[in-house]
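For what it's worth, the working numbering labels the leading residue of the sequence shown as 4, then goes sequentially.
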Amino acid sequence: MSTPHNQANKGDIAKTVLMPGDPLRAKYIAETFLENPKQFNTIRNMFGYTGLYKGKEVSVMGSGVGMPSIGVYSYELYKEYDVENIIRIGSCGSYTTELTLGDVLIAEDCWSDSSFAKVQNLDESDIQVPSEKLLQQCIDVAKEYEIPYSVGRIHSSDIFYVEEHAKRDWLHEFGCLAVEMESFALFSNAKVLGKHAACLVTVSDNLVTDEHMSAKDREVSFKNMMKIALEVAIK
Ligand code: HPA
């Protein structure tokens, strides 16, 4: 069995999937953190792998950028491959100087003006939430391993390049600490299908101070977020 976007057979994919946006990051994670990784997807280069972490099966697959992309891949993982948990591991742009480059933010919920949930299932809410279970596990693991973290609302946006005159005060108007582009669709899919989702992001850009992480820094600083995700994946 396969889908238009995923050539894996049922059983090739673990119950928990970690989803970075970038498929090459999925490859790096599989090769760096998983034992005996086996690739299950190459369609559109949206690489996916299953391997062992501390002896337990975990999968990692790219989501692509934005809600239409993660919407497709996560829906198929839940619906066609019986995946129970998807943990997004991404980057974000911070709306506050209190979150600096490299900080880990765990999404308590997300706000969006995306039409994803409305078009998908007539859900008019502009807030979507992660599963309570996974959110709590992320917090517990961060505490256990003494990884510094924040918990708060993120802005899930359809637009990376927002024109200056269209920018809003997302921090004060909506309480969003940072922006990314996928969690709203992921959380909506999980809700519709009765599954679990969480979102961890690392600050790669500070949109207040205009600081941006180098490619090299990204690789190193994402390790804290990875540790949380991997430990939650085997709980
Ligand atoms: N905007 C949206 N998503 C992001 C950003 C940003 O500035 N940085 C990292 N992910």
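Here a beta-carbon is modelled for each residue, glycine too, at the ideal position from N, C-alpha and C.
Span of the alpha helix (DSSP H) holding residue i?
i      : result
Ile73  : Met70 to Tyr84
Tyr31  : Pro26 to Phe36
Lys194 : Ser186 to Leu196
Within 7 Å: the Cβ of residue i and any heavy atom of the ligand HPA?
i      : result
Leu55  : no
Ser160 : yes
Asp208 : yes
Ser94  : yes
Glu167 : no
Glu214 : no
Met70  : no
Met228 : no
Met184 : yes
Select from the options the residue whose C-alpha is nearest the C-alpha of residue i.
i      : options                           : result
Met228 : Ser217, Ser153 and Pro133         : Ser153
Ile90  : Lys136, Gly14 and Phe119          : Lys136
Glu147 : Lys230, Tyr52, Leu21 and Asn88    : Lys230
Lys73  : Thr99, Glu185, Ser191 and Asp220  : Strictly speaking, residue 73 in this sequence is Ile, with Lys absent from that position. Taking only the C-alpha atoms, the option nearest Ile73 is Glu185.
Ala33  : Thr212, Asn48, Thr53 and Gly14    : Thr53
Ala120 : Thr19, Phe177, Ala188 and Asp143  : Ala188
Phe225 : Pro151, Val68, Arg156 and Ser134  : Pro151
Asn39  : Val195, Leu27, Gly58 and Pro71    : Gly58
Asp129 : Phe177, Asp106, Ala145 and Val165 : Phe177
For the beta strand (DSSP E) holding residue i, just list the boundary residues, first then last.
i      : result
Leu174 : No beta strand (DSSP E) contains Leu174, which is instead part of the alpha helix (DSSP H) from Trp173 to Phe177.
Who are the Cβ neighbours of residue i in its own chain at under 6 Å, not counting the five residues just before and after it?
i      : result
His215 : Asp208
Gln254 : Residue 254 lies beyond the range of the chain shown here (4 to 238); nothing can be said about it.
Lys30  : Phe50
Looking only at its chain, what residues have a beta carbon closer than 7 Å to the beta carbon of residue i, apart from the 5 residues adjacent to it on each side?
i     : result
Tyr56 : Phe36, Leu37, Leu233, Ala236 and Ile237
Gly69 : Asp161, Met184 and Glu185
Is residue i close to the ligand NAP? I mean its beta-carbon at under 7 Å from any heavy atom of the ligand.
i     : result
Phe50 : Absence of the ligand NAP is noted for the structure shown, with the ligand HPA being the only ligands found.
Note down, in chain order, each residue of its chain lying with its Cβ closer than 8 Å to the Cβ of residue i, except the 5 sequence neighbours on either side.
i      : result
Thr100 : Asn209, Val211 and Thr212
Do the segment 56-68 and the segment 121-140 make contact, defined as three or more Cβ pairs closer than 8 Å?
no
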